[in-house]
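Chemist: The sequence shown begins at 1 in the working numbering and counts up by one. In this text, a Cβ means the ideal position worked out from N, Cα and C, and glycines have one as well. Have a look at this one before I ask anything.
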Amino acid sequence: MSYEAAYTKWQTDPQGFWAEAAAAIDWDKPWQAVLDESNPPFYRWFPGGELNSCYNALDRHVDNGRADQLALIYDSPVTDTIQTFTYAQLRDEVAQLAGAIRKLGVNKGDRVIIYMPMIPEAVMAMLACARIGAIHSVVFGGFAANELATRINDAKPKILLSASCGIEPNRIIPYKPLLDKAIEMATFEPKQCLILQRPQQTADLVAGRDHDWREFVAGVEPAACVPVAATDPLYILYTSGTTGVPKGVVRDNGGHAVALKWSMEYIYNVKPGDVYWAASDVGWVVGHSYIVYGPLFHGCTTILYEGKPVGTPDPGAFWRVVAQHKVNVLFTAPTAFRAIKREDPNATYLQQHDISSLQALFLAGERCDPDTLLWAEKILGVPVVDHWWQTETGWPIVANPLGLTRLPVKPGSASKPMPGFDVRVLDLDGSEQPPNQIGDIVVKLPLPPGTLPTLWHNDEGYQNAYLHAYQGYYLTSDAGYKDEDGYVFIMSRTDDIINVAGHRLSTGAIEGVIAGHPDVAECAVIGASDQLKGQIPMGFLVLKVGAPREEAEIVREVVQMVRDQIGPVASFKVATVVERLPKTRSGKVLRGTMKKIADHETYKMPATIDDPTILDEIAQAVDAIGWQG
Ligand code: COA
Ligand code: AMP
């Protein structure tokens with residue numbers, strides 16, 4: 001079927017389209033309706049239906065001839081380990097862990113926070129929760145204790161699953177002290193923790209609260225899959241919001257399974273049995289959808305990679321993994337390719353590996369600059385697909401669907417909307433923009449299966465953040481345009497979210513931390529362009545009159561505060577002191593203009609600026625840092 005035919009089929013009969021897709025999932029009880037539209041703007045997919053996501057990811061493949069096929073390959077250059085699990089082995093490990101989690105008092109609907117490095121037990125933990133109908137919430141390991149505490153307070157987990165340490169190429173990260181601190185800071189108290197002791201650094205366990213993972217799980221009765229409602233939450237994944245308080249994106253079981261299974265076949269063009277590698281982290285949505293659930297729903301072999309694109313040990317790391325495990329499809333962020341290109345511009349390391357298994361590369365998580373896309377195409381000689389989506393949607397909104405027909409590529413565009421997504425570009429009064437005119441990118445409601453039904457225990461926040469701007473549409477908070485052929489170009493965020501190495505961060509949250517420094521009167525953080533990471537946060541600090549200490553010392557302190565309170569993942573390293581911040585006459589900080597100055601771009605003098613001379617001071621401050629981007 002062509003892309004056009006599939007899109008038209010969906011437009012003509014959306015419910016029929018998704019009913020057909022749902023036949024690829026095993027249901028314990030058939031749904032009563034494809035879509036419940038009785039309570040707009042809240043929509044529910046497959047009401048009445050029951051299924052189990054873990055069953056669909058593991059057991060059914062074991063029962064249907066894939067028991068001995070590899071389900072998971074753990075490849076860890078930082079520990080020099082490769083470990084494999086067949087579908088039967090992974091099912092057994094997960095069933096036993098599920099039994100252990102249940103023994104800790106966790107039942108259907110209870111929350112479990114998973115704060116773990118990229119090890120097989122992290123994947124097992126997610127699937128074990130799904131198996132007994134518990135709701136998992138994975139927190140990325142690069143977040144600090146404070147961020148973990150915020151998530152504990154919101155999700156109110158019965159238990160926490162963690163490991164003694166994570167391993168970065170240059171250092172060991174002790175996770176357990178971060179966990180202990182988070183529990184101490186949180187107002188909600190999880191009763192028990194299961195801690196996986198890694199040999200690189202073990203952790204002290206708190207008597208009565210912490211259990212040694214391996215000892216506790218050994219000998220526990222395995223748990224069977226528990227049928228849950230299609231509309232029951234499978235997981236909560238927190239993502240940066242404009243307020244600085246992370247938003248708990250909810251994912252249901254039924255729509256999620258249907259959409260991901262469909263995407264594996266028609267967008268990523270993989271077959272059951274193929275090897276699929278998403279080089280991301282289980283802490284991000286890419287990890288949820290395309291390290292864990294998507295490939296396993298589809299009967300693929302998935303790869304869990306604990307390493308980096310460069311430095312573990314060299315810029316040939318990705319090619320080694322592709323060659324060694326015969327990867328068919330690779331998915332990563334453009335940053336990873338920029339990092340490889342920077343260290344090995346002529347791709348000489350590629351010559352050492354046979355990557356003939358590779359059929360396609362998919363890139364997402366941040367804007368893909370045409371240079372990176374063209375370089376990847378040139379060195380790999382396979383289709384390179386830029387595709388656009390968000391934590392909220394869980395799967396691609398706009399893509400080039402290789403399993404339908406491959407659309408001609410236009411570098412700079414993520415191609416066209418996928419079935420399920422009616423993407424429009426609106427101007428401020430809500431009318432549709434003509435081709436090539438930038439506006440707010442929105443998606444007409446209802447959103448398709450697999451997208452967020454709401455925010456965790458926060459229907460009002462869901463409506464305020466996404467539905468109030470334009471009646472009947474979901475606001476993506478991305479700005480961009482469609483060209484005359486319907487290709488979508490994503491240009492920038494319209495809120496304070498920035499994208500640092502494919503990681504989504506709120507400048508408001510960083511400003512909130514800096515404002516807590518006793519010598520800082522006010523501050524602004526912008527996302528300055530960076531050749532490697534796409535953007536990095538850059539801070540401008542105005543000190544209180546008579547601030548007693550050296551400016552450089554205060555800068556060092558705020559950098560450390562952001563690292564301690566948000567985490568190293570924020571990559572906040574560049575800040576400077578200025579006399580004043582440029583503002584409009586009504587007092588709004590002109591962050592957009594500051595960003596243009598930091599990026600050495602020409603800018604229009606804002607008509608409402610209070611004092612234009614401040615912009616020169618900002619330019620001088622940027623020059624003084626020596627920022628080149
Ligand atoms: N636990 C603890 N710390 C972590 C961490 C984790 N799971 N992941 C990253 N960090 C730390 C890093 O060690 C680094 O600390 P440092 O400031 O002390 O060096 C900091 O967080 C920033 O990490 P990162 O953004 O990964 O930058 P880097 O300089 O270490 O590596 C790249 C740069 C480009 C190689 C890396 O960003 C990369 O591989 N990007 C791929 C993008 C990606 O996977 N995106 C996911 C969405 S698809
Ligand atoms: P996250 O929720 O972390 O996946 O981040 C989602 C945001 O990343 C989007 O709203 C975009 O701003 C950005 N993004 C993701 N993929 C792309 C892409 N292919 N092109 C441009 N921006 C992207």
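Which whole-angstrom value is the C-beta distance of A95 and A223, which I expect to be below 8 Å?
Modeler: Confirmed, about 6 Å.
Chemist: What do you reckon, is the C-beta of N499 under 8 Å from a heavy atom of the ligand AMP?
Modeler: Yes, since a heavy atom of the ligand AMP falls inside the 8 Å radius drawn around the Cβ of N499.
Chemist: Would you call the region 404–420 and the region 428–437 in contact, with 3 or more CB pairs under 8 Å?
Modeler: With the cut-off at 8 Å, the region 404–420 and the region 428–437 do not touch.
Chemist: Go through the region 104–190 residue by residue and report every complete run of the beta strand (DSSP E) that reaches 3 residues or more, in order.
Modeler: If we require 3 residues or more, the beta strand (DSSP E) runs fully inside the region 104–190 come out as 111–115, 135–138, 159–163, 165–168, 171–174.
Chemist: Is the Cβ-Cβ distance between A570 and V577 less than 9 Å?
Modeler: In this structure, V577 does not lie closer than 9 Å to A570 by Cβ.
Chemist: Just confirm the distance between the C-beta atoms of I498 and G539, as a whole number of angstroms; I'd bet it's less than 8 Å.
Modeler: Actually they do not touch by this definition, with Cβ atoms about 12 Å apart.
Chemist: Count the other C-beta atoms from every protein chain shown that fall within 10 angstroms of the C-beta of Q83, then say buried if there are 16 or more, exposed otherwise.
Modeler: So Q83 counts as exposed.
Chemist: Is F421 buried or exposed, if buried means 16 or more other CB atoms sit within 10 Å of its CB?
Modeler: Buried, by the Cβ-count rule.
Chemist: Measuring alpha carbon to alpha carbon, tell me which residue in G142, D68, S263, V423 is nearest G283.
Modeler: Closest option to G283, Cα to Cα, is G142.
Chemist: Taking C-beta to C-beta, are G255 and P453 nearer than 9 Å?
Modeler: Yes, they are a contact pair.
Chemist: Give the secondary structure of T613 by DSSP, where H, G and I count as helix, E and B as strand, and everything else as coil.
Modeler: Helix at T613.
Chemist: Can you tell me whether H325 is buried or exposed, with buried defined as 16 or more other CB within 10 angstroms of its CB?
Modeler: Flag for H325 reads buried.
Chemist: Buried or exposed, going by whether 16 or more other CB atoms sit within 10 Å of the CB of A57?
Modeler: Its Cβ being crowded by 16 or more others within 10 Å, A57 is buried.
Chemist: Which full runs of the beta strand (DSSP E) of 3+ residues lie inside the region 288–372, going along the chain?
Modeler: Fully enclosed beta strand (DSSP E) runs of 3 or longer: 301–305, 329–332, 360–363.
Chemist: I'd like the list of long-range same chain contacts for P41, defined as Cβ closer than 7 Å, with 5 residues on each side in sequence excluded.
Modeler: These residues qualify, in order along the chain: L445, Q463, L467.
Chemist: Considering only heavy atoms of the ligand AMP, does any lie closer than 8 Å to the CB of E147?
Modeler: No.
Chemist: Counting beta carbon pairs with one atom in the region 355–367 and one in the region 492–506, are three or more of them shorter than 8 Å?
Modeler: Counting Cβ pairs under 8 Å, three or more are found: they touch.
Chemist: Can you tell me the Cα-Cα spacing of R102 and W27, whole angstroms?
Modeler: Cα-Cα distance, rounded: 23 Å.
Chemist: Would you say the beta carbon of A364 comes nearer than 8 Å to a heavy atom of the ligand AMP?
Modeler: Answer for A364: yes, Cβ within range of the ligand AMP.
Chemist: Name the one or two DSSP bridge partners that G480 has.
Modeler: G439, I490, per the DSSP bridge assignment.
Chemist: In three-state DSSP terms, what is N464?
Modeler: The answer is helix: DSSP assigns N464 an H, G or I state.
Chemist: When the Cα atoms are used, what is the spatial distance from P408 to A145?
Modeler: Cα to Cα, the separation comes out at about 46 Å.
Chemist: For Q69, does the three-state DSSP call read helix, strand or coil?
Modeler: Three-state DSSP puts Q69 in coil, outside helix and strand.
Chemist: My output table needs one value for C523: the three-state DSSP class, helix, strand or coil.
Modeler: C523 falls in the strand class under three-state DSSP.
Chemist: Closest Cβ-Cβ distance between D13 and chain C: below 9 Å?
Modeler: The structure shown has no chain C; it contains just one protein chain.
Chemist: W388 lies in the beta strand (DSSP E); which residues open and close that run?
Modeler: Run containing W388: none; DSSP gives neither H nor E here.
Chemist: Cα separation between V488 and T393?
Modeler: Spanning the two alpha carbons is a distance of roughly 16 Å.
Chemist: Smallest Cα separation from A130: which of P448, M185, R251, E550?
Modeler: When each option's Cα is compared against that of A130, the closest is R251.
Chemist: At a cut-off of 8 Å, would you count D80 as near the ligand GTP, judging by its Cβ distance to the nearest heavy atom?
Modeler: With respect to small molecules bound, the structure shown includes the ligand COA and the ligand AMP and not the ligand GTP.
Chemist: What is the DSSP secondary structure of A278, counted as helix, strand or coil?
Modeler: Note: A278 maps to strand in three-state DSSP.
Chemist: Quick one: grab the DSSP three-state call for Y470.
Modeler: Looking at Y470 - three-state DSSP - the assignment turns out to be coil, as it is neither helix nor strand.
Chemist: The alpha helix (DSSP H) with W27 in it runs from where to where?
Modeler: No alpha helix (DSSP H) holds W27; DSSP gives it neither H nor E.
Chemist: Grouping DSSP H, G and I as helix and E and B as strand, with all else coil, what is Q197?
Modeler: Reduced to three states, the DSSP call for Q197 is coil.
Chemist: By alpha-carbon positions, which one of G546, T372, M124, E484 ends up nearest to T332?
Modeler: For T332, the nearest C-alpha among the options comes from T372.
Chemist: Could you pull out every unbroken beta strand (DSSP E) segment of at least 3 residues lying fully inside the region 208–251, listed in chain order?
Modeler: Listed in chain order, they are 210–212, 233–239.
Chemist: Between I195, P295, V270, which has its C-alpha nearest Y87's C-alpha?
Modeler: Nearest option by C-alpha distance: P295.
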